[in-house]
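Going by my numbering, the sequence shown opens with residue 18, and the numbers climb by one from there.
So the structure is just underneath, and the comments pick up after that.
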Amino acid sequence: MKRRTQVEGKTSRRKFLSGAAMAGAAMMAAPSVVKAQGPVNMRWQSTWPSKDIFHEFALDFAQKVNDMTGGDLKIEVLPAGAVVPAFGLLDAVSQGTLDGGHGVLVYHYGKQTALALWGSGPGFAMDANMLLAWHKYGGGKELLAKLYESIGANVVSFPYGPMPTQPLGWFKKPVAKAEDIQGLKFRTVGISIDVFTGLGAAVNALPGGEIVAALDRGLLDAAEFNNASSDRVLGFPDVSKICMLQSYHQNAEQFEVMFNKTKYDGLPEQMKAIITNAVEAASQDMAWKAIDRYSKDYVEMQTTDKVKFYKTPEAILKRQLEVYDEVVKKKAGENPLFKEILQSQIAFAERATRWEQDTVVGRRLVFDHYFGPNGVAKEL
């Protein structure tokens, strides 16, 4: 009896080891099968000129995905206009003309006005990073999917990359009051179209690569785009020497990474997980790079390009908020999804911004202590 048990034990052990070896071989062979099929290639387009730092951000994201997948997914990113015009990105990705793209949600304003709530406005005192917190944890992700579904867009969207507050814009002379904007031919996008129209401007929504030429030819009197690095490389200092800083028209904007949904749904689950984490890694890296590059170009525009920067007067900022409130009330009355998203943002913002205002210490005092007229930084 004992011998039989030992024999059975040896037989079972041989079967176990044999099975384990076969399973291990199968696991080792699986990647080889994937490799044999070759990498997944995707052709993307950004909504930015190739020289803009925004296109660099798009390339950065693609490189992260390419590296993190070990080359199993290869994304090629073309600049604006390579396949479709900048404002044609959503249609091109949805229809499969492109596999994906890099841009901003406000560029789809003409398709569904509620898309502009991802960044085109004051954010109810949230900055862009807080708005991304609402998107991930406050219901925004589900609302965005619902929004795209409502217009039949066959896309999967990943908002990422929090932007700093954008300037009011470039002008021929400083603006001191809201009335100074009346009658100006002005470039902006998203809900800001309605806000600046409400301020009395004649608005023309142009892609980033077309703004400076329009200013140079007199088709625009003034314009806003985004940041010191983009504005400098696109040539704004060549056509204007006056830039008004700080505004509520795009106080909490972020970028968007967009996939064709059919293409995305066909990817392995592991690859989808890598993409999700690559989005968040690229988001933080972009924020860090922006601080470095924007601050350098801000100095260069003042010293080399002789641009004069002015703070937007508080009277204009208050008027912006008043007009914005009128605009969103009207849009919410016309569009149930707009109202649903608006209420979701307000509920999150009231809690999050109250916490921030009570918790985060103001940094102006410490800035003046070290770098003001009597700053002590040089003594340290």
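Ideal Cβ positions, reconstructed from N, Cα and C, are used throughout, including at glycine.
Could you pull the start and end residues of the alpha helix (DSSP H) that W305 belongs to? What you label residue 305 is simply residue 288 of the sequence shown in a count that begins at 1. Taken as a continuous stretch (DSSP letters only), the alpha helix (DSSP H) holding W305 covers E286 to T320.
Per DSSP, which one or two residues make a beta bridge with M143? Taking the sequence shown and counting its residues from 1, one reaches residue 143 at position 126. None, per the DSSP bridge assignment.
Under the three-state DSSP convention, the category S111 falls into: Counted from its first residue, the sequence shown places residue 111 at position 94. Helix at S111.
Residue from D77, A99 and E73 with nearest C-alpha to N60: In the sequence shown, counting from the first residue as 1, residue 60 sits at position 43. Sequence check: residue 60 is Arg here, not Asn. Of the listed residues, the one whose Cα sits closest to R60 is A99.
Is there contact here, the segment 315–330 with the segment 183–194, by at least three beta-carbon pairs under 8 Å? yes
Of all the options G155, G200, L397 and I292, which has the alpha carbon lying nearest to the alpha carbon of Q80? As a working mapping, residue 80 is identified with position 63 in the sequence shown. Relative to the Cα of Q80, the nearest Cα in the group G155, G200, L397 and I292 belongs to I292.
Taking a contact to mean a Cβ-Cβ separation below 7 Å, would you say A170 touches S111 in this structure? Numbered from its first residue, the sequence shown carries residue 170 at position 153. Numbered from its first residue, the sequence shown carries residue 111 at position 94. Yes. Within cutoff.
Below 7 Å CB to CB, which residues in the same chain sit around A162 once its five sequence neighbours on both sides are set aside? Working through the sequence shown from its first residue, we reach residue 162 at position 145. For A162, where only same-chain residues beyond five positions count, there are no Cβ hits under 7 Å.
Backbone CA spacing between L232 and H72 [nearest angstrom]: Taking the sequence shown and counting its residues from 1, the one referred to as residue 232 is at position 215. Taking the sequence shown and counting its residues from 1, the one referred to as residue 72 is at position 55. Distance between the alpha carbons of L232 and H72 is about 22 Å.
Does I358 pass the burial test, meaning 16 or more other C-beta atoms within 10 Å, or should it be called exposed? Within the sequence shown, the letter at position 341 stands for residue 358. The residue in question, I358, is buried, as its Cβ has 16 or more Cβ neighbours within 10 Å.
Quick one: give me the first and last residue of the alpha helix (DSSP H) that N83 is part of. As a working note, residue 83 is residue 66 in the sequence shown. Residues I70 to M85.
Taking all protein chains shown into account, do 16 or more other C-beta atoms lie within 10 angstroms of the C-beta of M39, making it buried, or fewer, making it exposed? Against the sequence shown, residue 39 aligns to sequence position 22. For M39, the predicted structure reports a pLDDT of 42, less than 50, and the residue's modelled location is therefore unreliable. The matter cannot be settled from this model.
Quick one: any contact between the segment 217–233 and the segment 143–162, if contact means 3 or more CB pairs under 8 Å? Result no; under three Cβ-Cβ pairs closer than 8 Å.
If you follow the alpha helix (DSSP H) that L201 is in, where does it begin and where does it stop? Residue mapping note: residue 201 aligns to position 184 of the sequence shown, counting from 1. No alpha helix (DSSP H) holds L201; DSSP gives it neither H nor E.
Inter-residue spacing [alpha-carbon to alpha-carbon] between D211 and Y124: For this step, residue 211 is matched to residue 194 along the sequence shown. For this step, residue 124 is matched to residue 107 along the sequence shown. Going by the C-alpha atoms only, they are around 14 Å apart.
Between the segment 377–396 and the segment 235–249, are three or more C-beta pairs nearer than 8 Å? no
Tell me, which residues are paired with E93 by DSSP? What you label residue 93 is simply residue 76 of the sequence shown in a count that begins at 1. As computed with DSSP, E93 is found in a beta bridge with R60.
Check P224 in the structure and name its three-state DSSP category. Taking the sequence shown and counting its residues from 1, the one referred to as residue 224 is at position 207. Three-state result, P224: coil.
To the nearest angstrom, how far is the alpha carbon of Q258 from that of D314? Translated into positions along the sequence shown, residue 258 becomes position 241. Translated into positions along the sequence shown, residue 314 becomes position 297. The displayed chain sequence assigns Lys, not Gln, to residue 258. About 14 Å.
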